[in-house]
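In my numbering, the protein residues as written are 12 to 209.
Glycine included, every Cβ here is placed at the ideal spot set by N, Cα and C.
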Amino acid sequence: MSRKQKNPYQTSKIKYRGFDSYNPGNHSSWYHFFGRIGRLRFISYQFVLTLVTLAIIAILNGLLKKFDNTTIGIIAACFAPILLYAGIIYPKRRLNDLEKSGWLALLSFIPGVNVIFLLYLAFAKGSEATNAYGHAPRANRWWHWLIAFVLPVLMLIGAIAATALPAYKDFKRHSQKAALPTPDSVPLEQPIQLQITP
């Protein structure tokens with residue numbers, strides 16, 4: 012019985028696992044201009060960006076009493092490019108994950124439109140595999156979940172408590188003033204003493 016010869020032109024039986032199994036993956040960091048990001052990273056990055064912006068505004072307001080408007084303007088001009096860069100790269104990278112042009116990130120600067128646009132970026136599902144803009148987003152870490160969900164809830168509870176406690180104290184103070192006097196608090200009338208002279 013002759014030994015069966017192998018055909019050198021036969022198609023390989025190795026199962027193709029796709030291009031993503033052979034590429035190095037997405038290694039872009041939070042400050043990179045290129046590289047796709049998913050929904051959770053986008054929400055966490057935008058939340059941190061909002062906190063940083065509010066902190067800078069609070070610091071500048073506090074410095075108004077110590078410095079003139081020119082100095083405050085110079086300090087604000089130093090932070091403006093950083094905040095502008097951060098305000099562009101995250102919507103741009105999220106759009107790339109949705110296989111859309113990064114130029115659409117300019118919509119985030121149009122009042123009214125930006126709210127709907129950012130909600131779309133936060134909830135729209137991106138491409139699972141490699142697309143024309145790069146490899147799939149990196150896996151989320153535990154701190155992305157913490158920043159995106161836990162911290163906003165804690166801040167909401169703190170804001171409600173900060174609003175409710177002073178209102179409760181005012182209500183309690185006004186209710187005590189408007190309360191009717193109790194019998195114990197009303198002084199008894201002194202009896203009239205008649206003096207009879209002989």
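Can you tell me the Cα-Cα spacing of alanine 116 and isoleucine 99, whole angstroms?
Annotation: alanine 116 to isoleucine 99 spans about 6 Å, alpha carbon to alpha carbon.
Identify the residues that DSSP records as bridge partners of asparagine 142: which are they?
Residue pairing from DSSP places asparagine 142 in a beta bridge opposite Gly145.
Have a look at Gly46, Ile83, Leu95 and Ile48 and flag the residue whose alpha-carbon is nearest the alpha-carbon of valine 63.
Closest in C-alpha terms to valine 63, from the list Gly46, Ile83, Leu95 and Ile48, comes Leu95.
Simplified DSSP assignment, three categories, for arginine 108:
Before going further, note that residue 108 is aspartate rather than arginine in the sequence given. Residue state for aspartate 108 is assigned as helix, using DSSP reduced to three classes.
Helix, strand or coil: which one does DSSP assign to glycine 169?
Residue state, collapsed to three classes: helix.
Using only the alpha-carbon positions, how far apart do histidine 146 and isoleucine 85 sit?
In this structure, the straight-line span from the alpha carbon of histidine 146 to that of isoleucine 85 is close to 40 Å.
Can you tell me which of the three DSSP states tryptophan 114 falls into?
Note: tryptophan 114 maps to helix in three-state DSSP.
Through-space distance from asparagine 107 to alanine 133, alpha-carbon basis
As the crow flies, the alpha-carbon of alanine 133 is around 13 Å from that of asparagine 107.
Please confirm whether glycine 46 and arginine 104 have their CB atoms less than 8 Å apart.
The answer is yes: Cβ separation under 8 Å.
Around the Cβ of histidine 155, are there at least 16 other Cβ atoms within 10 angstroms (buried) or fewer (exposed)?
Looking at its Cβ environment, which holds 16 or more other Cβ atoms inside 10 Å, histidine 155 is buried.
Are the CB atoms of serine 55 and isoleucine 158 nearer to each other than 8 Å?
By the CB criterion at 8 Å, serine 55 and isoleucine 158 fall inside the cutoff.
Skipping 5 residues on each side, what residues in its chain have a beta carbon closer than 7 Å to that of proline 172?
At residue 172 the sequence reads alanine, which differs from the proline that was named. Within its own chain, no residue has a Cβ closer than 7 Å to the Cβ of alanine 172 once the five positions on either side in sequence are excluded.
Express the C-alpha separation of leucine 176 and proline 148 in angstroms, rounding to a whole number.
Cα-Cα distance, rounded: 43 Å.
In the structure shown, what three-state DSSP assignment does histidine 185 receive?
DSSP places histidine 185 within a helical segment (H, G or I) once states are collapsed to three.
For proline 92, does the three-state DSSP call read helix, strand or coil?
Correct three-state label for proline 92: helix.
Report the CB separation of asparagine 151 from leucine 51 in whole angstroms; it is logged as a contact under 8 Å.
5 Å between Cβ atoms; contact.
Where proline 102 falls: helix, strand or coil (DSSP)
Correct three-state label for proline 102: helix.
What first and last residue would you give for the alpha helix (DSSP H) that runs through alanine 159?
In the DSSP assignment, alanine 159 falls outside any alpha helix (DSSP H), carrying neither H nor E.
Can you give the beta carbon distance from phenylalanine 90 to leucine 162, rounded, assuming they're within the 8 Å contact cut?
At roughly 22 Å, the Cβ-Cβ gap does not stay under 8 Å, so phenylalanine 90 and leucine 162 are not in contact.
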